[in-house]
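Using our numbering, read the sequence shown as starting at 64 and increasing by one per residue. In this text, a Cβ means the ideal position worked out from N, Cα and C, and glycines have one as well. Take a look at the structure set out below.
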Amino acid sequence: MNNNTNTISITFLSKQKNIQGNNNTVILNQGEKAGLILPHSCLRGQCGRCKAKLISGEVKQLKTDGLTTAEQENNYILLCSCIPLTDVVIKHES
64 MNNNTNTISI TFLSKQKNIQ GNNNTVILNQ GEKAGLILPH SCLRGQCGRC KAKLISGEVK
124 QLKTDGLTTA EQENNYILLC SCIPLTDVVI KHES
């Protein structure tokens, strides 16, 4: 984890919600801590249930097993295993 914690804006378009998060914790945990109910299952980056499209911003993706190569090329991320590096806007397809 990053020793320098910065405040990050995380916008969940599908939930019409913007939260103030950080650059040390995966997006799924930050969303749930803010009271959002987000789809997920394995919490290991394998099942793809927490897949979302990264509309803008940058993330550090820790695992990509739950994404196809085409999904990765089209800016899909796994919320259970990515940490925001900048302000991000994401959208769930499910």
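Tell me whether residue i, by its Cβ, gets closer than 7 Å to a heavy atom of the ligand SAH.
i: Q135; result: The ligand SAH is not among the ligands present in this structure, which contains no ligands whatsoever.
Assign residue i to one of three DSSP states: helix, strand, or coil.
i: A115; result: strand
i: N92; result: helix
i: C145; result: strand
i: I77; result: With the sequence shown as reference, residue 77 is identified as Ser, and Ile is not the correct amino acid for it. Correct three-state label for S77: helix.
i: T127; result: coil
i: Q109; result: coil
Return the chain-ordered list of same chain residues with a C-beta closer than 7 Å to the C-beta of residue i, the five sequence neighbours on each side being excluded.
i: V152; result: T74, L76, I118, S119 and G120
i: P147; result: I71, I73, G84, N86, I90, G120 and V122
Can you list, in chain order, the residues of its chain whose CB lies under 6 Å from that of residue i, leaving out five sequence neighbours each side?
i: L130; result: Y139
Buried or exposed, going by whether 16 or more other CB atoms sit within 10 Å of the CB of residue i?
i: Q135; result: exposed
i: L125; result: exposed
i: S104; result: exposed
When the distance is taken between beta carbons, is residue j closer than 8 Å to residue i?
i: K80; j: L99; result: yes
i: L141; j: T132; result: no
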